[in-house]
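Numbering (our numbering), first residue to last: -3 to 689.
From the three backbone atoms N, C-alpha and C, an ideal C-beta is built for every residue, glycine too.
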Amino acid sequence: MGKSKLQIRKRIFWLFLIVVLFMSMIILRLGWIQLFDNDFYQSRALDQRLRKLKVEPRRGFIYDRNGEELAISGSADTVVAVPSEIENPNQVAEKLSLILEMDREKIYKRITKKAYAVYLERKISKEETAKIKSLDLSGITFTEESKRFYPKDSLASHILGFAGIDSQGLNGIELSYDQILRGKPGRIMIEKDATGQQIPEGVEEYLDPKNGNNIYLTIDHVIQYIVERELKKSLQVNEAKGGTIIVMDPQSGEILALANRPTYNPNHFAQYSPGLWRNSAISDTYEPGSTFKIVTMSAGLEEGVVNPKDNFFDPGYIKVSGEVIRCWKSGGHGKQTFAEVVANSCNPGFVQVGQRVGKKDFYKYVKAFGFGQDTDIRLPGEANGLVYSYDDIGPVELATMSFGHGISVTPIQLVTAISAVANGGKLLKPHLVEKIENEQGRIIKEFKPELIRQVISKETAQTVRKLLEGVVTDGSGKNAQVEGYRIGGKTGTAKHYGVQSYDSSFVGILPVGNPELVVLVVMKGVTSYPYYGSQVAAPMFHNIVKDVVRYLEIPPNKGSGEDEKEEEEVRKVRVPNLINHPLNEVDMRLRKLGLNFKLEGNGEKILDQVPKPGVKVDVGTTVILFSSDGLSTKGRYKVTVPNLEGRSLNDAQNLLAKLGLKLDWQGNGKVIFQKPTAGFRVEAGSTIEVELD
């Protein structure tokens, strides 16, 4: 019995000792925490009470060269459900499914989840928001998010691309320049208690998001509209599967318009087949046909193996290594000069030029003009095109390549190559972005013309342009003519292998003496007759150019026989966009271009300008700038109309441009009538009508 009591006492002692040791350890641990780990556990506790909310930055806007909005970010409501507050889930699911066009069961599963809050549908329309709010459903609320909008719908869709639900770039410029456009998110931190209520005097922190930068494209939305209008019309008339048109400034490499058909609306991109998102101008290749002859003639003239007066004879065919290559004209053209070979688009004649140049040098020029490699235009999905490897080029391959068969190019490659002929032989990198600005309007980066290489001499380029002018005046390009303008160009027709459809194309340069535009028209899969480039693409070129030259105020030539050197005496520059820019930047930019300016008002920023951005003017022209307090009540400063009678069209236009006035004309010759009359006061930017005879 005594032994048993002793054992019990021992057990109690050991138990007491264990408890004391355990309590001592707890006390020591608590002391350690209080003395050494206090900051760590306070931080952990605070983290549990803090609610961190991401604040979306505003995605940068995309503008055309004149500041017209092409892609913007606005706010849109996202529908959020708080399941614990929903009284009748079945009824709520039924009503919301009708408005949101969602599956009823899908909504029901979400609103009955064991969660504090769930998303139902993100970034809905204002109309949908209004309908849901009118139902006054308990447990259904909204949160505001940023949403991407494309105010001009499908205009320039293949350039812009689109952004996804989380404002991430997925295609086009939106993807290529995503890091520049997206910005950096901010955050809100709020201290809340266990019930989710904000703790008074608790921790609260707000970190501003950094909004994305804005991008100004080289695209002019008016020219883009003209191009897309013509594409849409021609697609139906010619029963074509698709088409591409590119308008380029050959002096800078700037793309003024780029359009494809069929197209899509980036506001609803998910509703279209992904194939329609594809930018055919840079991603699809085609056989250029006779438009490629411009490369052959450039190589022949540069190498000195041919000149415009050389005589050729065309019996209607030429034999190459046993293969017969025929001319499009039955019986051939007979005796002709090289200038006539070009105007007649005679295949046997161009085969002979290719043979004279030789395989080695011909291949050198094909590569030098940029074929077989991408142009690095900075859009996703650009193709390289297909060019024979040097070792695979035999006599027949050399012959067919000389007239544009057996080679595959992208539209952007061809228009870039022909621009080298237009600008004096310089291959320039094509580009779509003019500048990048931050949210405050400060220029972060400007994109200047980028020379890749000199392909041919200035003299050769000038000769090629004159030969191409003969194609338009006397050859297959007659339907491309625009009255009063010297245009050089080349038609092209290529048959699809195995099917009865054709690619019809025309590429044109204008004005020939001092080129300002290169326009490429390609219609693919034409099935109706006539399918020739001269009948399909050349008239499209005419329709586009007659509107574009009037819009850009490009004056007609004084005469088709005018000496090119005389035309090139006055250097022209394109007026930059100065709107919303501070005065200290404006002065420097204009002086670099050789332009003067006249300031109306004493404000700190420019609100308007004349001439408008993008217009080409002579060096020395005065640009009128209007600051915040320099505008009249109607928004313009008044100027005096000069006397234009007896002046040539070119002189009249230059004089009016210096005064900030526009010109509309009829006829040719000297000015015989003007409206308003000389001495009349009009607002800057007004149009003066003149009649010439």
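Counting along the chain, where does the beta strand (DSSP E) carrying residue i start and finish?
i, result
"residue 309", "307 to 310"
"residue 506", "498 to 506"
"residue 212", "210 to 213"
"residue 620", "618 to 623"
"residue 681", "Here residue 681 belongs to no beta strand (DSSP E), and DSSP marks it neither H nor E."
"residue 448", "447 to 450"
"residue 74", "65 to 77"
"residue 141", "136 to 145"
"residue 166", "165 to 167"
"residue 440", "439 to 442"
"residue 602", "602 to 606"
"residue 595", "592 to 596"
Beta-carbon within less than 6 Å of residue i's beta-carbon, same chain only, minus the 5 sequence neighbours each way: which residues are those?
i, result
"residue 7", "none"
"residue 691", "Summary: the structure shown does not reach residue 691, with the chain confined to residues -3 through 689, and so no result is reported for it."
"residue 508", "461, 465, 482, 484"
"residue 621", "593, 595, 602, 605"
"residue 133", "88"
"residue 364", "451"
"residue 212", "59, 430, 431"
"residue 261", "149, 150"
"residue 397", "403"
"residue 370", "378, 380"
"residue 154", "256, 275"
"residue 240", "256, 276, 277, 407, 518"
"residue 683", "658, 660"
"residue 313", "320, 322"
Once DSSP output is grouped into helix, strand and coil, what is the label at residue i?
i, result
"residue 535", "helix"
"residue 121", "coil"
"residue 237", "coil"
"residue 247", "coil"
"residue 15", "helix"
"residue 693", "Nothing in the structure corresponds to residue 693, since the chain is present only between -3 and 689."
"residue 582", "helix"
"residue 427", "strand"
"residue 116", "strand"
"residue 86", "helix"
"residue 489", "strand"
"residue 668", "strand"
"residue 630", "Annotation note: pLDDT 45 at residue 630 (below 50); position unreliable, no value reported."
"residue 541", "helix"
"residue 260", "coil"
Are residue i and residue j touching if we call contact CB-CB under 8 Å?
i, j, result
"residue 77", "residue 120", "no"
"residue 613", "residue 678", "no"
"residue 668", "residue 687", "yes"
"residue 337", "residue 301", "no"
"residue 346", "residue 403", "no"
"residue 459", "residue 533", "no"
"residue 648", "residue 655", "no"
"residue 359", "residue 321", "no"
"residue 279", "residue 536", "no"
"residue 96", "residue 156", "no"
Less than 7 Å between C-beta atoms, sequence neighbours within five positions excluded: which residues of the same chain meet that for residue i?
i, result
"residue 445", "248, 249, 424"
"residue 218", "547"
"residue 663", "687, 688, 689"
"residue 498", "489, 490, 491, 492, 522, 527"
"residue 55", "69, 142, 144, 159, 163, 177, 178, 179, 208"
"residue 108", "79, 85"
"residue 410", "284, 287, 503, 516"
"residue 118", "74, 141, 161"
"residue 227", "239, 241, 255, 257"
"residue 172", "374, 375, 376"
Please report the residue range of the alpha helix (DSSP H) in which residue i lies.
i, result
"residue 409", "407 to 418"
"residue 174", "174 to 178"
"residue 395", "391 to 398"
"residue 61", "Run containing residue 61: none; DSSP gives neither H nor E here."
"residue 461", "454 to 470"
"residue 382", "Note, residue 382: premise wrong, no alpha helix (DSSP H); not H, not E."
Under a CB-based cut-off of 8 Å, is residue i close to chain C?
i, result
"residue 387", "Absent from the structure is chain C; it holds one protein chain and no more."
Tell me which residues share the same chain as residue i and place their Cβ nearer than 8 Å to its Cβ, disregarding the 5 neighbours each side in the sequence.
i, result
"residue 306", "333, 334"
"residue 222", "253, 540, 543, 544, 547"
"residue 91", "131, 133"
"residue 623", "579, 595, 596, 597, 598, 599, 600, 601, 602, 603"
Alpha helix (DSSP H) segments (min. 4 residues) lying fully within the region 289 to 368
289 to 299, 334 to 340, 343 to 353, 355 to 364
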